[in-house]
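Q: One structure follows; several queries about it will come next.
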Amino acid sequence: MGQIRVEIEIESPPEEVRAIVLDFARYSEWHTSFIQIGGVKLVPIVKSNTPTELSWHGAAFGGAFSGTHYFRFLDSHITPNGTTFVHGEDYDGWMSWLFSDGIFGLGRGIALKMYNGFAEDVKKRMEERRKLRDGITASQSDPWVKL
Numbered sequence: 025m026g027q028i029r030v031e032i033e034i035e036s037p038p039e040e041v042r043a044i045v046l047d048f049a050r051y052s053e054w055h056t057s058f059i060q061i062g063g064v065k066l067v068p069i070v071k072s073n074t075p076t077e078l079s080w081h082g083a084a085f086g087g088a089f090s091g092t093h094y095f096r097f098l099d100s101h102i103t104p105n106g107t108t109f110v111h112g113e114d115y116d117g118w119m120s121w122l123f124s125d126g127i128f129g130l131g132r133g134i135a136l137k138m139y140n141g142f143a144e145d146v147k148k149r150m151e152e153r154r155k156l157r158d159g160i161t162a163s164q165s166d167p168w169v170k171l
């Protein structure tokens, strides 16, 4: 069984991070590697939908790629009033060895890069929203830009 798990600290409360992550229709506005795959039918089964977690189980390609995907929005013990955002997947399909540690985990590095990229994009989106909320534009916060 393979597993991918990344986490990142975000200086926003969990409920705000959750609202951004669950706004799937707007991913293309901020997620730098937003991917749409046509022709593949996924029928996910929601396992958990709570204020601290959204998870679902899905399978594709005859069960070759199967797993439980999750987002967790945890109160941070590091960042005051912040979120520890956890994003991952536990693979259980017959091709899950592609995401395992070791020499045969050929897809693991690619998947980790994608998951880390998503977490970084979420953090950046939250930082941008916080600046707008606080009335600070990017140019005002950059000391090298003269107004």
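Under my numbering, the first residue of the sequence shown is numbered 25, with each subsequent residue one higher. For glycine and all other residues, C-beta sits at the position ideal for the given N, C-alpha and C.
Between E77, R154, E144, E151, which has its C-alpha nearest S57's C-alpha?
A: Here the question's residue 57 lines up with position 33 in the sequence shown. Taking only the C-alpha atoms, the option nearest S57 is E144.
Q: In angstroms, rounded to a whole number, what distance separates the CA positions of R153 and S72?
A: In the sequence shown, residue 153 corresponds to position 129, counting from 1. In the sequence shown, residue 72 corresponds to position 48, counting from 1. About 27 angstroms.
Q: Could you say which of V146, E151, G117, I134 lies nearest to G86 if we only look at CA atoms?
A: As a working mapping, residue 86 is identified with position 62 in the sequence shown. It is G117 whose Cα lies nearest to the Cα of G86.
Q: How many Å lie between D114 and E35 at the Cα?
A: Within the sequence shown, residue 114 is the residue found at index 90, counting from 1. Within the sequence shown, residue 35 is the residue found at index 11, counting from 1. Near 27 angstroms, if we compare the C-alpha coordinates of E35 and D114.
Q: Check V67 in the structure and name its three-state DSSP category.
A: The count along the sequence shown starts at 1 and reaches residue 67 at position 43. Residue state, collapsed to three classes: coil.
Q: Using a Cβ-Cβ cut-off of 8 angstroms (strictly less than) and excluding sequence neighbours within five positions of K137, which residues of its own chain qualify?
A: The residue given as residue 137 occupies position 113 in the sequence shown. Contacts found: none.
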